[in-house]
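These notes are about the structure you will find just below.
4 protein chains.
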Amino acid sequence: MKNEEPVRVTVWNEFIHEKQNAQVREIYPDGIHAFLANMLNQRLPQAEIGTATLEQPQHGLSDEVLQQTDVLLWWGHAGHHLVSDQVVAEVQARVLEGMGLICLHSAHASKIFQRLLGTSCMLRWREAAEKERLWIVDPSHPIVEGIEGEFFELPQTEMYGEFFDIPTPDELLLISWFEGGEVFRSGCVFRRGKGRIFYFRPGHETFPIYHDENVQRVIAQGVEYVRPAGAAYFGNGRNITSSLEPIEADHNVDDSLHN
Amino acid sequence: MKNEEPVRVTVWNEFIHEKQNAQVREIYPDGIHAFLANMLNQRLPQAEIGTATLEQPQHGLSDEVLQQTDVLLWWGHAGHHLVSDQVVAEVQARVLEGMGLICLHSAHASKIFQRLLGTSCMLRWREAAEKERLWIVDPSHPIVEGIEGEFFELPQTEMYGEFFDIPTPDELLLISWFEGGEVFRSGCVFRRGKGRIFYFRPGHETFPIYHDENVQRVIAQGVEYVRPAGAAYFGNGRNITSSLEPIEADHNVDDSLHN
Amino acid sequence: MKNEEPVRVTVWNEFIHEKQNAQVREIYPDGIHAFLANMLNQRLPQAEIGTATLEQPQHGLSDEVLQQTDVLLWWGHAGHHLVSDQVVAEVQARVLEGMGLICLHSAHASKIFQRLLGTSCMLRWREAAEKERLWIVDPSHPIVEGIEGEFFELPQTEMYGEFFDIPTPDELLLISWFEGGEVFRSGCVFRRGKGRIFYFRPGHETFPIYHDENVQRVIAQGVEYVRPAGAAYFGNGRNITSSLEPIEADHNVDDSLHN
Amino acid sequence: MKNEEPVRVTVWNEFIHEKQNAQVREIYPDGIHAFLANMLNQRLPQAEIGTATLEQPQHGLSDEVLQQTDVLLWWGHAGHHLVSDQVVAEVQARVLEGMGLICLHSAHASKIFQRLLGTSCMLRWREAAEKERLWIVDPSHPIVEGIEGEFFELPQTEMYGEFFDIPTPDELLLISWFEGGEVFRSGCVFRRGKGRIFYFRPGHETFPIYHDENVQRVIAQGVEYVRPAGAAYFGNGRNITSSLEPIEADHNVDDSLHN
Numbered sequence: 049m050k051n052e053e054p055v056r057v058t059v060w061n062e063f064i065h066e067k068q069n070a071q072v073r074e075i076y077p078d079g080i081h082a083f084l085a086n087m088l089n090q091r092l093p094q095a096e097i098g099t100a101t102l103e104q105p106q107h108g109l110s111d112e113v114l115q116q117t118d119v120l121l122w123w124g125h126a127g128h129h130l131v132s133d134q135v136v137a138e139v140q141a142r143v144l145e146g147m148g149l150i151c152l153h154s155a156h157a158s159k160i161f162q163r164l165l166g167t168s169c170m171l172r173w174r175e176a177a178e179k180e181r182l183w184i185v186d187p188s189h190p191i192v193e194g195i196e197g198e199f200f201e202l203p204q205t206e207m208y209g210e211f212f213d214i215p216t217p218d219e220l221l222l223i224s225w226f227e228g229g230e231v232f233r234s235g236c237v238f239r240r241g242k243g244r245i246f247y248f249r250p251g252h253e254t255f256p257i258y259h260d261e262n263v264q265r266v267i268a269q270g271v272e273y274v275r276p277a278g279a280a281y282f283g284n285g286r287n288i289t290s291s292l293e294p295i296e297a298d299h300n301v302d303d304s305l306h307n
Numbered sequence: 049m050k051n052e053e054p055v056r057v058t059v060w061n062e063f064i065h066e067k068q069n070a071q072v073r074e075i076y077p078d079g080i081h082a083f084l085a086n087m088l089n090q091r092l093p094q095a096e097i098g099t100a101t102l103e104q105p106q107h108g109l110s111d112e113v114l115q116q117t118d119v120l121l122w123w124g125h126a127g128h129h130l131v132s133d134q135v136v137a138e139v140q141a142r143v144l145e146g147m148g149l150i151c152l153h154s155a156h157a158s159k160i161f162q163r164l165l166g167t168s169c170m171l172r173w174r175e176a177a178e179k180e181r182l183w184i185v186d187p188s189h190p191i192v193e194g195i196e197g198e199f200f201e202l203p204q205t206e207m208y209g210e211f212f213d214i215p216t217p218d219e220l221l222l223i224s225w226f227e228g229g230e231v232f233r234s235g236c237v238f239r240r241g242k243g244r245i246f247y248f249r250p251g252h253e254t255f256p257i258y259h260d261e262n263v264q265r266v267i268a269q270g271v272e273y274v275r276p277a278g279a280a281y282f283g284n285g286r287n288i289t290s291s292l293e294p295i296e297a298d299h300n301v302d303d304s305l306h307n
Numbered sequence: 049m050k051n052e053e054p055v056r057v058t059v060w061n062e063f064i065h066e067k068q069n070a071q072v073r074e075i076y077p078d079g080i081h082a083f084l085a086n087m088l089n090q091r092l093p094q095a096e097i098g099t100a101t102l103e104q105p106q107h108g109l110s111d112e113v114l115q116q117t118d119v120l121l122w123w124g125h126a127g128h129h130l131v132s133d134q135v136v137a138e139v140q141a142r143v144l145e146g147m148g149l150i151c152l153h154s155a156h157a158s159k160i161f162q163r164l165l166g167t168s169c170m171l172r173w174r175e176a177a178e179k180e181r182l183w184i185v186d187p188s189h190p191i192v193e194g195i196e197g198e199f200f201e202l203p204q205t206e207m208y209g210e211f212f213d214i215p216t217p218d219e220l221l222l223i224s225w226f227e228g229g230e231v232f233r234s235g236c237v238f239r240r241g242k243g244r245i246f247y248f249r250p251g252h253e254t255f256p257i258y259h260d261e262n263v264q265r266v267i268a269q270g271v272e273y274v275r276p277a278g279a280a281y282f283g284n285g286r287n288i289t290s291s292l293e294p295i296e297a298d299h300n301v302d303d304s305l306h307n
Numbered sequence: 049m050k051n052e053e054p055v056r057v058t059v060w061n062e063f064i065h066e067k068q069n070a071q072v073r074e075i076y077p078d079g080i081h082a083f084l085a086n087m088l089n090q091r092l093p094q095a096e097i098g099t100a101t102l103e104q105p106q107h108g109l110s111d112e113v114l115q116q117t118d119v120l121l122w123w124g125h126a127g128h129h130l131v132s133d134q135v136v137a138e139v140q141a142r143v144l145e146g147m148g149l150i151c152l153h154s155a156h157a158s159k160i161f162q163r164l165l166g167t168s169c170m171l172r173w174r175e176a177a178e179k180e181r182l183w184i185v186d187p188s189h190p191i192v193e194g195i196e197g198e199f200f201e202l203p204q205t206e207m208y209g210e211f212f213d214i215p216t217p218d219e220l221l222l223i224s225w226f227e228g229g230e231v232f233r234s235g236c237v238f239r240r241g242k243g244r245i246f247y248f249r250p251g252h253e254t255f256p257i258y259h260d261e262n263v264q265r266v267i268a269q270g271v272e273y274v275r276p277a278g279a280a281y282f283g284n285g286r287n288i289t290s291s292l293e294p295i296e297a298d299h300n301v302d303d304s305l306h307n
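Protein chains in written order, with my numbering: chain A, 49 to 307; chain B, 49 to 307; chain C, 49 to 307; chain D, 49 to 307.
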C-alpha cells in the first residue's frame with residue numbers, strides 16, 4: 049500500500065547566477081542545488097538525493113539518471129534557452145510515466161514547464177524587495193501539512209503577479225498577496241499522464257528564500273506528494289484488435305451512405 | 049511530515065439487510081460493517097478500527113466517537129430516512145474540520161452525502177446481475193496504487209448509471225462500463241473544508257462485492273488517502289478588527305454617494 | 049441553438065438595512081433590489097425583471113414566481129436566519145433543474161448558498177473602508193467580457209479574506225487584493241445539477257459598490273452566463289427495469305458466496 | 049455584452065482519406081471540410097465559414113487567415129506528421145490569444161492538440177463497427193443544449209477507449225459507452241490562455257458520423273461556445289517597474305544573509 053521505499057530525488061539547477069553574482073553566492077555558496085539537496089537530506093532522512101546542472105553532459109539528466117529519479121526539482125532562470133530540446137522531451141516523457149516534477153520560482157518560464165502545460169506560463173513581475181504573504185486556500189492538502197496559521201510571509205521577494213498564463217490547476221493551495229498590489233496563484237499541482245507537477249513560486253536568487261522554514265517545509269512535503277503513485281501507465285496508445293465483449297456484426301444501420 | 053500515527057477508522061453500517069435477508073447474511077454473516085472492519089484490520093495492520101450502526105444510541109456516532117475518528121466509512125440503503133438530522137449535522141461539521149469520509153455504493157443517497165454535496169446525488173439503477181468493468185482514468189492517483197491493468201471487473205453487480213447528479217468531482221479516478229449499456233463515474237474524490245470525501249460505487253449487498261481483491265485494495269487505499277492532512281482549518285469565520293497592513297483613512301472616493 | 053428568448057430575472061433582497069440605516073438608504077433609496085433591477089433593465093433591455101423581498105409571503109418566491117424565473121439574484125445579510133427552510137429547499141430544487149443563481153457579497157452566508165455548496169462558506173472579514181483590486185485570472189470567461197485591463201478597483205470596500213470555505217469552484221475568474229493584506233476568490237462559478245451559480249463578492253451596503261461600472265457589467269454578464277442552457281435534467285433518479293443492451297443470464301461467477 | 053457579430057469559422061482538414069478511399073469519398077464527396085462547412089452554414093446562417101487543407105501553402109493557415117478566424121475546426125489522421133511545426137506554433141499562439149479550437153476524432157493525436165495539452169493524448173482504439181452511446185454528464189452545458197434524452201447513439205463507430213492521456217478537462221460533458229467493453233471521455237473543454245478548446249470524439253472517416261443530427265448539433269453549438277469571449281489577454285509577460293501601491297524601502301529583514 050503506502051510506498052515505504054526511499055524516495056529518489058534529483059535537484060536540477062542551471063547554476064549560473066551563483067557564479068556571476070556575489071550576492072547570490074553569499075546566500076547559496078555551493079549553488080541553489082546543493083543548498084536544496086542538503087535541506088532535503090535533513091528533512092527527508094530516508095531520501096536519496098542527487099544534483100544535476102546545466103553545464104554537465106545532457107545537463108546531468110542522462111536516461112540512467114532520469115530512470116532512477118522519482119522526483120525532479122527544477123531551478124532555472126537565465127539559461128532557459130540553453131536547455132536542450134532533447135533533454136526536455138525526455139523529461140516530459142518521464143513525467144508522463146510517473147516521475148514527479150517540482151518547478152520552483154522562475155522555472156515558470158522553463159521549456160519543460162511550458163511544454164507540459166501548453167501555455168505561455170508568463171506573468172507580471174517586479175524586483176522591488178516587497179513583502180509577500182502566502183494564504184492557504186486548501187487546508188486539506190498534504191503539501192501544507194503542519195502550517196499553523198492562515199498564511200505565512202516572506203519579507204522581501206521579487207513579485208510575480210496575475211495574469212499567470214497557466215491552465216486551471218488541478219489543485220490550488222496558495223494565493224499570494226504582494227505589498228505592491230498584485231496577487232498570484234503561488235502553489236499549484238497539475239496532473240499530467242501518471243505524473244504530478246508542483247509549481248511553487250517563492251525563490252528569487254537574491255533573497256534568502258530557501259532559508260525560510262515554511263518554504264523548506266512546503267518543498268519537502270511537495271517531494272513526498274508528487275512521488276510516483278497509482279496504477280500502471282497506458283498512455284502510449286494501443287490498437288486493440290479483439291474486443292472484451294462480443295460485437296454484433298449486423299447493426300441496424302442506414303446503408304445508403306455506408307456500405 | 050508524513051503522518052505515521054495509526055489511522056483511526058469507524059465503519060458505519062445501517063445493518064438492516066443482513067438481518068432481513070438470508071442471502072445478504074450468507075455473504076456478510078456479522079454485517080457489512082464487521083466484514084469491512086476485519087478486512088481493513090488485515091490490510092492496514094497499524095489502523096485502529098471500530099464500528100457503529102444505526103440502532104445504537106446516536107447511531108454509534110457520539111461526539112466522543114467522532115472526535116476520535118480520522119476516517120468514517122458509510123454504508124446505508126434502506127434506512128437513510130432513519131438517520132437523525134442532528135447526527136448528520138455533526139458528521140458534516142467533523143468532515144469540514146478534517147475527518148475523511150468514504151461513502152460506499154448506495155450511500156450516494158445518504159443524508160450526509162447529499163448535505164455535503166448540495167445536489168440530489170441520484171442516478172439510474174437496475175438490478176440485473178450484470179457485468180461491470182471499472183476503467184482507471186487517473187493512473188497518478190494513490191487510491192489505485194498497484195492495480196496492474198487498465199481496468200478491473202466485477203462479474204455481477206447492481207447497475208448505477210449516469211446522469212449521476214453530483215458536483216464535478218475534484219478528482220475522478222474510475223469510470224464504469226456496464227453490460228446493460230450505461231456508464232458511471234464510480235470513483236470520485238471531493239474536498240470540502242479541510243476534509244476529503246471518497247465516493248466508491250461498488251458494493252451491493254446481494255453480491256459478494258467486498259470479497260473482491262481490487263475492491264478491498266481501493267477501499268483500504270482510500271482510507272489512507274482521505275485521512276486528515278494539511279493545515280489548520282479556519283472555516284468558521286472571523287471578524288478581523290485590526291489589519292495586517294496599514295489602511296489609508298482617506299481614499300480618493302467620490303463622496304457624492306457615500307459619506 | 050443560442051437562446052434568443054428574453055431572460056427572466058428575479059432580484060431578491062432581504063431589504064433590511066435600507067430601512068434601518070440612512071446611509072444605506074441614501075445609496076439605494078428604493079432598496080438594493082430596485083437598484084439592481086433598474087440597472088439590469090438598462091443593460092439587458094430584452095430581459096424581464098422582477099423583484100422579491102423577505103417580508104413578502106413566501107419571501108416573494110412562490111412556486112409560480114420560481115417557475116418563471118431563469119436567473120435569481122440573492123442579496124442577504126442581517127436576515128439570513130429569517131429565511132424559511134421550505135423556501136430554501138424550493139430554490140435549491142429549481143437550481144438543480146436549471147435556474148441560474150447569483151449570490152452577491154454577504155449572500156455567502158445565506159442558507160441557499162450553504163445548502164448548495166455543503167460547506168460553511170465562511171471567511172475573514174473587516175469593515176475598514178479599504179481598497180480592493182480585482183484581478184482577472186480567467187480572461188477566456190464570458191463574465192469578464194469587455195474588461196480592458198488586467199484588473200479593476202473599488203476604492204472603499206468591506207474586506208473578505210481567505211480562507212473562504214467553499215468547494216473548489218468549477219470556474220475561478222477573479223481574485224481580489226485588499227489593502228489590509230488579504231486575498232479572496234471573488235468571482236466563482238459552481239455547477240450544481242443543471243444549474244449554474246455565480247458568486248460575486250463586491251457589494252457592501254454602506255459603499256456605493258453597485259454604482260460601479262465594472263461591477264454592473266460583471267453582474268449583467270453573469271445573468272446571461274447562468275441562464276438555463278443545456279440538455280434535459282435527469283437528476284431525480286430512475287429505476288430502469290429493462291436494459292438497453294442484452295444481459296447474459298449466466299456469468300461465470302463463483303457461486304460459493306452468492307446463490 | 050453578448051457578441052452579436054457573425055462568428056468566423058475555418059474548417060481545416062488534411063484531406064487525404066477522401067482522395068485515396070472510395071468509401072470515404074462516397075460519404076464525403078468534396079472532403080470532410082466541405083461537408084462540415086456546408087453543415088455549419090446551414091446551422092449557423094450568420095457565420096462566415098471558410099476551409100483550409102494540408103496541401104495548401106502554409107496548410108491554408110496564413111497569418112491573415114488565422115487573424116480572421118474566431119473558431120478553427122481541425123480534422124487530421126494520416127498526415128499529422130506532415131503538419132509544419134511553424135504552423136502549429138502559430139495556431140497555438142492564436143489559441144492563447146483567444147481563438148477557439150475544435151479538435152475532432154483522430155485530431156486527438158494532432159501536433160496542435162498535443163502541444164496545447166502537454167500529454168501524449170493517446171488512447172485505445174479498435175475498428176470493429178461497434179455501437180457507441182454518448183451519455184451526458186453535464187446537463188448544464190450549452191454545447192448539449194436541446195438534446196432531449198440522457199444520451200444519444202451512433203450505430204457503427206471506431207472505438208476510442210480509456211486510458212485517454214489528457215489533462216483533467218476543465219469541463220467534461222460526454223462519456224461514451226462502447227459495445228466492445230470500453231468507456232471514453234468523448235466531450236471535453238479545455239481553457240488555455242484566453243482560448244477554449246473543445247475535443248469531440250465522434251467522426252471516423254469510413255462511417256457517416258457527421259451526417260448524424262446530434263453530432264451536427266454538438267459541433268455547431270461547440271462553435272458558438274468556444275468563440276472568443278472575455279477580457280483582454282495579458283499572457284505575454286510584463287516587467288512592471290513601478291508598483292501600484294507604495295513599497296516600504298526598509299523591511300524588518302534579517303540582513304545576515306541578504307545585504
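All C-beta atoms in this analysis are idealised placements derived from N, C-alpha and C, irrespective of residue type, glycine included.
Within 8 Å, strictly: CB atoms of residue i and residue j
i	j	result
Gln164/C	Val143/C	Before going further, note that residue 164/C is Leu rather than Gln in the sequence given. Yes; because the gap between Cβ atoms is below 8 Å, this pair is in contact.
Val185/D	Leu221/D	yes
Lys242/A	Ser188/B	yes
Gly127/A	Ile64/A	yes
Val72/C	Glu272/C	no
Arg308/C	Glu230/C	Summary: the structure shown does not reach residue 308/C, with chain C confined to residues 49 through 307, and so no result is reported for it.
Arg249/A	Phe232/A	yes
Asp133/D	Ser168/D	no
Secondary structure of residue i, DSSP reduced to three states
i	result
Ser154/D	helix
Met87/D	helix
Leu292/A	coil
Asn307/A	Annotation note: pLDDT 33 at Asn307/A (below 50); position unreliable, no value reported.
Arg163/A	helix
Arg142/D	helix
Asp297/D	Sequence check: residue 297/D is Ala here, not Asp. Three-state result, Ala297/D: coil.
Ala70/A	helix
Please name the residues in the segment 158–184 of chain D whose beta-carbon is closer than 8 Å to at least one beta-carbon of chain A, in chain order.
Arg163, Leu164, Leu165, Gly166, Thr167, Ser168, Met170, Leu171, Arg172, Trp173, Arg174, Ala176, Ala177, Glu178, Lys179
What residues in the segment 190–210 of chain A bring their beta carbon closer than 9 Å to a beta carbon of chain D?
Pro203, Gln204, Met207, Gly209, Glu210
Cβ-based contacts, 8 Å cut-off: residues of the segment 222–251 of chain D near chain A
Glu227, Gly228, Gly229, Glu230, Phe238, Arg239, Arg240, Gly241
If we require 4 or more residues per run, which alpha helix (DSSP H) segments fall completely within the segment 179–229 of chain B?
none
Please name the residues in the segment 127–145 of chain C whose beta-carbon is closer than 8 Å to at least one beta-carbon of chain B, in chain order.
Gln140, Leu144
Check whether the segment 200–210 of chain D and the segment 200–218 of chain A are in contact - that is, three or more C-beta pairs closer than 8 Å.
no
Would you check if the segment 86–105 of chain C and the segment 267–285 of chain B touch, i.e. whether three or more CB-CB distances between them fall below 8 Å?
no
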